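Under UniProt numbering, the letters of the sequence shown match residues 1 to 292, in that order. Where a beta carbon is used, it is the ideal one built from N, C-alpha and C, also for glycine. Treat the numbers as computed from the prediction; the structure is a model and nothing was measured. Have a look at the structure below, then the notes.
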Amino acid sequence: MTHAPENDLPGSAAERDALLGAVHEAATQVRERTPLVQCLTNEVTVNLVANVLLAAGASPAMVATPGEAEELAHVADAVLVNLGTMGADHRASIRSTVAAAEGARTPWVLDPVAVGVLSLRTRLAAEILVHTPAVVRGNASEIRALAGLASAGRGVDARDDVDDALTAALAVAGRTGAVVAVSGETDLVTDGVTVVRLTGGDPLLTLMTGGGCALGGLVAATTAVASPLVAAVTASAWFNAAASDAALVASGPGSFAAAFVDAVHALTTDTLVERAAAGLRVGALTATGARA
1 MTHAPENDLP
11 GSAAERDALL
21 GAVHEAATQV
31 RERTPLVQCL
41 TNEVTVNLVA
51 NVLLAAGASP
61 AMVATPGEAE
71 ELAHVADAVL
81 VNLGTMGADH
91 RASIRSTVAA
101 AEGARTPWVL
111 DPVAVGVLSL
121 RTRLAAEILV
131 HTPAVVRGNA
141 SEIRALAGLA
151 SAGRGVDARD
161 DVDDALTAAL
171 AVAGRTGAVV
181 AVSGETDLVT
191 DGVTVVRLTG
201 GDPLLTLMTG
211 GGCALGGLVA
221 ATTAVASPLV
231 AAVTASAWFN
241 AAASDAALVA
251 SGPGSFAAAF
261 VDAVHALTTD
271 TLVERAAAGL
281 RVGALTATGA
291 RA
């Protein structure tokens, strides 16, 4: 079934309200249940990812050693797989961990860092996508590359607009069954049928090393307590609101990073939903022969 992006239709007020209610519940559950999130992530950003997860109420476990990583995937509540580090041990851990997570029905999130630019990680991403990730989260260039489309990405930097990645996001969602979350000035989240757009955040996020990695960790934490679509929307809304708050008190990128962690911690679930509601749009896609 092929979806046409131009058929993106506005959703009903009831659908939007239901999604906001689910976001409130997901954020509440992260804080009440303290999900254990295993993170196989970029060595450069381990500290920020762990601190953001702690600030949100989750329990991070930065376990990526072959022989241990796959064991933890059986007992963790969720797993983050970030392709920012591509050493031989890390690649071996990723392969065994996603297989273990699939077998244990542990939701896992793929962050395809620099896929489409560097060949080793591009091949690895294609290989592990068969292990049914709950969410694939990346920038527009990475998502286009995952779908086999031309991409203007450069390293970890996106050079494509979020809306240019809609067709690619739908293709990846259709092929893998995953929810696809595309980060940018306006975030886009889709399960292949519903399309959610969220505005917010602050440009200082792009000057903080590891922002995308930490967002991937928060997506993983929310997949432990909510459906993949709700999880991705909740994490994006949480990130956007925290970034806006941090920017109000930061004097530059360095102070922003510390203020951002504080803001993730300080956001109440009620405030999170209020802020999400201001910049959230829910739509649906028509398909040939299907209802609108």
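Asked, Found
"Candidates Ala140, Ala232, Glu68: closest to Leu19 by CA position", "Ala232"
"The segment 26-45 / the segment 179-192 touching (three or more Cβ pairs under 8 Å)", "no"
"Span separating the alpha-carbon of Val273 from that of Leu120", "40 Å"
"Whole-angstrom distance between Ala58 and Ser244, CA atom to CA atom", "22 Å"
"Residue from Ala250, Glu102, Ala241 with nearest C-alpha to Ala277", "Ala241"
"Thr223: CB within 6 Å of a non-hydrogen atom of the ligand COA", "No copy of the ligand COA appears in this structure; indeed no ligand is present at all."
"Proximity below 7 Å, CB of Ala221 to CB of Val37", "yes"
"4-residue-minimum alpha helix (DSSP H) runs that sit fully inside the segment 87-153, ordered along the chain", "88-104, 119-128, 140-146"
"Three-state secondary structure (DSSP) of Thr186", "strand"
"From Ala134, Val115, Ala114, residue whose alpha carbon lies closest to that of Val98", "Ala134"
"Cβ pair count under 8 Å reaching 3, the segment 203-221 against the segment 97-114", "yes"
"C-alpha gap between Val79 and Gly216, whole angstroms", "10 Å"
"Reference Val162, options Arg175, Val189, Leu124, Glu32, closest by Cα", "Val189"
"Between the CA atoms of Thr206 and Gln29 - distance to the nearest angstrom", "29 Å"
"Presumed contact (8 Å Cβ cut-off) between Leu248 and Thr176, rounded CB distance", "Their Cβ separation, rounded to whole angstroms, is 38 Å, which puts Leu248 and Thr176 out of contact at 8 Å."
"Extent of the continuous beta strand (DSSP E) run through Val37", "36-40"
"Coil, strand or helix - Ala171 by DSSP", "helix"
"Buried/exposed call for residue 306, threshold 16 Cβ in 10 Å", "In this structure the chain extends from 1 to 292, so residue 306 is not present and cannot be described."
"Residue closest to Ala259, alpha-carbon to alpha-carbon, out of Ala246, Pro35, Ala64, Val113", "Ala246"
"C-beta contact flag for Ala22 and Val225 at 7 Å", "no"
"Cβ neighbour criterion (16 or more within 10 Å) applied to Val75", "exposed"
"Outcome for Glu32 when other beta-carbon atoms lying within 10 angstroms are tallied against a minimum of 16", "exposed"
"Cα-Cα separation, Leu267 to Trp238", "8 Å"
"Spatial distance of Ala27 from Gly87 (CA atoms)", "34 Å"
"Burial state of Thr85, where buried means 16 or more other Cβ atoms lie within 10 Å", "buried"
"Inter-residue Cα distance where the pair is Met62 and Asp270", "30 Å"
"Minimum Cβ-Cβ distance from Asp270 to chain D less than 7 Å", "No chain D appears in the structure shown, which is made up of a single protein chain."
"Backbone CA spacing between Ala235 and Asp202 [nearest angstrom]", "15 Å"
"Beta-carbon gap between Leu48 and Gly210 smaller than 7 Å", "yes"
"Proximity to Ala284 [Cα-Cα], best of Thr194, Leu124, Thr34", "Thr194"
"Whole-angstrom distance between Val261 and Asn51, CA atom to CA atom", "7 Å"
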